[in-house]
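The structure appears below as structure tokens.
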Amino acid sequence: MDHYFEPYKKNGNAAIAGIPLGESLAGKVSFYKGQSDWFKDTSFSVVLIGAGEARNSADNKDCGSAPDLIRKYLYSLAAPAGCPMIGDAGNLRGSSLNDRYLALEEAVAWFIEHGKSVIVLGGSQDLSLPMTKGLISGSGNKSINLSVGDAMLDIDTEDDDFSSRTWLGYLISEFDKAIEDVTVFGIQSYLTAVSQLDFLSSRFYEYVRLGDIRGENLHRVEPLIRDANVLSLDYRMMRYQPQFGNDLISSHGIEPFEMCRILRYAGLCHNVRITGIFEMPVGDSGDNNAMLAGQLVWHFLDGFAGRAADQPDEASGTYRKYVVPVEAFDEQLYFCRNTSNDRWWVKSPAPDNKWISCGREDYRAALRSELPPRWWRMFVKHSTITKEDKKNNPTPDKKCNL
């Protein structure tokens with residue numbers, strides 16, 4: 023594994039007055055320094071990978087230099103209480119683009135197989151494809167859930183070129199059978215084509231507009247990522263970032279403090295195995311952006327310090343079950359709430375009847391005889407798949423079986 027990585031060359035961290043090295047994040051990091059046995063280190067539970075690759079970026083080529091700039095500010099911060107040990111694997115090697123993709127895919131698979139949670143610092147967002155492939159491989163080809171935070175949909179139904187603006191469409195098309203669910207949140211309607219939305223909705227995947235999660239509604243993001251195994255974030259989904267070009271600054275987007283809260287949600291969610299932060303603009307505001315990116319990672323680690331498995335257990339006194347009959351619909355909805363943290367789930371209408379994340383507002387909607395959107399999406403998806411299966415594999419006439 024060591025042949026895939028170049029050790030991070032420390033050029034000094036940004037000094038913050040009053041924070042001694044022993045209390046900074048730098049004091050909580052095991053750095054890869056070229057020794058092959060480092061990858062067998064069991065002392066750290068989170069590993070950070072620098073993926074400074076941007077050759078397939080459609081409009082942000084400079085983001086390839088972001089990883090080390092982010093580290094400069096990240097490691098100067100005070101370590102959050104209960105912060106786990108962190109492994110810094112350094113930066114991916116590879117002379118060609120495909121070399122880098124392969125290195126990221128195999129490195130992610132390695133760390134996942136060895137029980138690590140992975141943070142990837144990009145680089146452009148097309149790296150989400152090999153990152154996700156690595157998770158699928160490292161998880162024994164189990165189906166996965168993907169959550170994406172972005173102001174735009176990186177899907178192009180007419181362009182065959184693979185780039186940071188088309189990666190999501192490629193990923194869904196190539197790995198549709200391995201992906202159980204996809205959620206994209208933070209999109210802005212005026213930056214999104216109907217054909218892009220149709221691409222997702224025709225596959226029963228979910229998209230959530232920026233206006234539905236901003237301000238007092240930000241808590242709605244938590245259920246959107248709680249079931250995710252991969253979280254891919256475009257740094258430019260935040261306000262005052264060049265969301266659709268190098269020089270055009272948008273006045274709209276997630277506020278920085280809201281983005282920090284989203285990263286903390288990700289840290290807390292035990293299902294999230296890989297988190298990628300991509301497309302950080304460098305240029306004139308590079309240091310300011312890197313300081314904020316470092317704070318995003320800090321909030322992930324702060325959440326990770328409190329991470330614990332949280333899945334409904336009806337035999338446990340911690341979880342309370344609710345049954346809601348819905349008028350005019352021959353169904354009962356089953357909800358479950360963790361009374362210690364107020365997390366909610368609704369039982370899936372699919373045959374596996376597993377619990378899927380939702381919010382208190384979904385329970386309240388059911389009390390008003392309104393079907394929660396996430397439940398309804400799963401219901402329609404399952405019903406459609408069942409009909410297609412029956413059409414393609416009709417039940418044999420019983421007389422023929424006598």
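Per my numbering: the sequence shown = residues 23 to 424. Just so you know, even glycine gets a beta-carbon here, dropped at the ideal spot from N, CA and C.
query, result
"Of the residues Ser-272, Tyr-385, Val-252, Tyr-262, the one placed nearest Pro-152, counting alpha carbons only", "Val-252"
"Residues near Ala-350 in its chain [Cβ-Cβ closer than 8 Å; skip 5 each side]", "Ser-391"
"As assigned by DSSP and simplified to three states, the class of Lys-420", "Confidence at Lys-420 is low in this model, with a pLDDT of 28, below 50, so the placement of that residue should be treated as unreliable; the coordinate-derived value is given next. Lys-420: helix per DSSP, three-state reduction."
"For Met-23 and Glu-135, the rounded distance between their alpha carbons", "13 Å"
"Sequence-distant residues of its chain with Cβ nearer than 6 Å to Ala-36 (five each side left out)", "Lys-94, Tyr-95, Ser-98"
"Nearest-angstrom Cα separation, counted from Ala-129 out to Thr-64", "16 Å"
"Status (buried if at least 16 other CB within 10 Å, exposed otherwise) for Pro-303", "buried"
"Residue burial classification, Thr-179 (beta-carbon count within 10 angstroms, cutoff 16)", "exposed"
"Uninterrupted beta strand (DSSP E) stretches inside the segment 52-100 (no shorter than 3 residues)", "68-73"
"Nearest-angstrom Cα separation, counted from Tyr-212 out to Asn-363", "36 Å"
"Local conformation of Pro-347 per DSSP, three classes", "strand"
"Length of the line joining the Cα atoms of Gly-145 and Ala-312", "13 Å"
"Distance between beta carbons of Leu-114 and Glu-75, contact taken as under 8 Å", "7 Å"
"Contacts around Tyr-123, its chain only, beta-carbon distance under 6 Å, and the 5 residues preceding and following it disregarded", "Pro-152"
"Three-state class that DSSP yields for Asn-120 in the structure shown", "helix"
"Rounded C-alpha distance that separates Ser-223 from Ser-117", "38 Å"
"Cβ-Cβ separation, Ile-235 to Gly-267 (assumed contact under 8 Å), whole Å", "Rounded, the Cβ-Cβ distance is 24 Å, inconsistent with contact."
"Collapsed DSSP secondary structure at Lys-412 in the structure displayed", "Bear in mind that a pLDDT of 42 at Lys-412, under 50, signals an unreliable position, so the number given afterwards is only what the model happens to contain. It is helical."
"Three-state secondary structure (DSSP) of Ser-405", "helix"
"Residues near Asn-33 by beta carbon distance below 6 Å, same chain, minus five either side", "none"
"The ligand GDP heavy atom lying under 6 Å from the CB of Glu-28", "With respect to the ligand GDP, the structure shown offers nothing to examine, as it has no ligands at all."
"Given Ala-243 as reference, the closest of Arg-365, Arg-386, Gly-104 once Cα atoms are compared", "Note that residue 243 is Val in the sequence shown, not Ala. Nearest C-alpha to Val-243: Arg-365."
"Residues that DSSP places opposite Trp-366 in a beta bridge", "Arg-359, Cys-380"
"Minimum C-alpha distance to Arg-231 - residue among Gln-210, Ala-131, Arg-295", "Gln-210"
"Contact set for Leu-246: own chain, Cβ-Cβ below 7 Å, skip 5 residues either direction", "Ser-169, Thr-205, Phe-207, Val-230"
"Stretch pair the segment 157-172 + the segment 195-203: three plus CB contacts closer than 8 Å", "yes"
"Buried versus exposed, by CB contacts within 10 Å (16 or more), Gly-156", "buried"
"Closest residue to Ala-73 among Ala-387, Cys-105, Ala-125 (Cα-Cα distance)", "Ala-125"
"Closest residue to Met-400 among Val-216, Glu-228, Gly-339, Leu-219 (Cα-Cα distance)", "Glu-228"
"First through last residue of the alpha helix (DSSP H) which encompasses Glu-280", "278-290"
"As assigned by DSSP and simplified to three states, the class of Phe-266", "coil"
"Cβ-Cβ distance between Trp-377 and Pro-347 below 7 Å", "no"
"Beta-carbon proximity list for Ile-41, same chain, < 6 Å, skipping 5 on both sides", "Ala-100"
"Terminal residues of the alpha helix (DSSP H) in which Phe-221 lies", "216-223"
"Secondary structure of Ala-173, DSSP reduced to three states", "coil"
"Host alpha helix (DSSP H) of Ile-299 (start-end)", "No alpha helix (DSSP H) contains Ile-299, which is instead part of the beta strand (DSSP E) from 296-300."
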